[in-house]
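Here is the structure we will look at.
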Amino acid sequence: MLKVSVVVGNPKPNSRTARIATRLVETLLPAGSHDLTVIDLAEHAGRIFDWPSEQMAALNAEVAASDLLVLASPTYKASYTGLLKAFLDRYPHLGLDGVVAIPVMTGSDLRHAMAPEVAMRPVLVELGAVVPTQGLFFVINQMGQLDQVLAGWARDNVARLTRHLPGVVTACRESL
Numbered sequence: 037m038l039k040v041s042v043v044v045g046n047p048k049p050n051s052r053t054a055r056i057a058t059r060l061v062e063t064l065l066p067a068g069s070h071d072l073t074v075i076d077l078a079e080h081a082g083r084i085f086d087w088p089s090e091q092m093a094a095l096n097a098e099v100a101a102s103d104l105l106v107l108a109s110p111t112y113k114a115s116y117t118g119l120l121k122a123f124l125d126r127y128p129h130l131g132l133d134g135v136v137a138i139p140v141m142t143g144s145d146l147r148h149a150m151a152p153e154v155a156m157r158p159v160l161v162e163l164g165a166v167v168p169t170q171g172l173f174f175v176i177n178q179m180g181q182l183d184q185v186l187a188g189w190a191r192d193n194v195a196r197l198t199r200h201l202p203g204v205v206t207a208c209r210e211s212l
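Structure, rendered in structure tokens:
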């Protein structure tokens with residue numbers, strides 16, 4: 037069974053960003069093929085700067101043990117949120133070694149469409165994650181077309197994911 041983590045850096049709990057990231061996993065992976073953990077950092081904001089913190093260390097360890105990580109944030113000042121940055125700063129160099137990661141960012145318009153590539157990809161690479169796909173930038177006013185946008189992104193990127201997560205993602209390719 038594939039171990040999948042979604043980490044959401046939106047300071048608002050239960051955000052649209054969280055829904056988009058979770059729905060992306062549902063689009064890519066068939067039901068029953070994976071064990072999904074969603075970490076909504078808004079629920080941990082009061083502890084994220086506690087050093088040491090057993091609870092935060094456990095969350096970091098769980099994410100590092102994932103096969104697939106979807107890291108999601110709204111766009112704040114052309115980058116991801118400080119909340120997400122603080123979570124990622126808890127990892128040492130190569131702390132996500134070998135984890136396949138998909139950077140996801142949301143925003144109000146396409147002016148920040150490169151943010152997943154420019155802001156998130158370098159941090160993920162620094163941490164040792166494998167980032168085989170293009171990042172996903174989702175324009176929030178397209179919530180009514182969420183499934184279509186995600187299916188299009190999946191069609192464009194599933195072949196690269198399949199190279200790193202064979203078998204499970206292949207089933208997605210057949211359904212697209």
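Throughout the sequence shown, residue numbering follows this note's numbering, covering 37 to 212 in sequence.
Glycine included, each C-beta is placed from N, C-alpha and C at the ideal position.
These numbers were taken from a predicted model, which means no experiment stands behind them.
What is the residue span of the beta strand (DSSP E) that residue i lies within?
i	result
threonine 142	136-143
valine 43	38-44
Suppose contacts are defined by Cβ-Cβ distances below 7 Å. Is residue i in contact with residue j by that definition?
i	j	result
isoleucine 84	alanine 57	no
leucine 186	leucine 105	no
glycine 118	leucine 163	no
proline 139	glycine 171	yes
valine 167	alanine 195	no
methionine 156	tyrosine 116	yes
threonine 73	serine 109	no
glycine 45	leucine 120	yes
phenylalanine 173	alanine 149	yes
valine 159	leucine 124	yes
leucine 38	aspartate 103	yes
threonine 169	glycine 143	no
proline 49	glutamate 90	no
In the DSSP output, which residue or residues are listed as bridge partners for residue i?
i	result
valine 161	None, per the DSSP bridge assignment.
What are the boundary residues of the alpha helix (DSSP H) that includes residue i?
i	result
valine 61	52-64
leucine 107	Element bounds for leucine 107: not the alpha helix (DSSP H) but the beta strand (DSSP E), 104-110.
valine 74	From DSSP, valine 74 is part of no alpha helix (DSSP H) but of the beta strand (DSSP E) over 70-76.
glutamate 90	90-100
leucine 124	118-124
Quick one: is the Cβ of residue i within less than 6 Å of any heavy atom of the ligand NAP?
i	result
glutamate 79	The ligand NAP is absent from the structure shown, which contains no ligands of any kind.
Kindly give me the distance between the Cβ atoms of residue i and residue j, rounded to whole angstroms, as I take these residues to be in contact under 8 Å.
i	j	result
proline 47	alanine 94	With 8 Å as the limit, proline 47 and alanine 94 do not qualify as a contact, their Cβ atoms being about 21 Å apart.
valine 135	valine 43	With a Cβ gap of about 11 Å, valine 135 and valine 43 do not count as contacting.
alanine 54	aspartate 76	6 Å
leucine 197	leucine 64	7 Å
* Identify every run of the beta strand (DSSP E) within the segment 158-203, keeping only runs that are complete inside it and at least 3 residues long; order them along the chain. => 172-175
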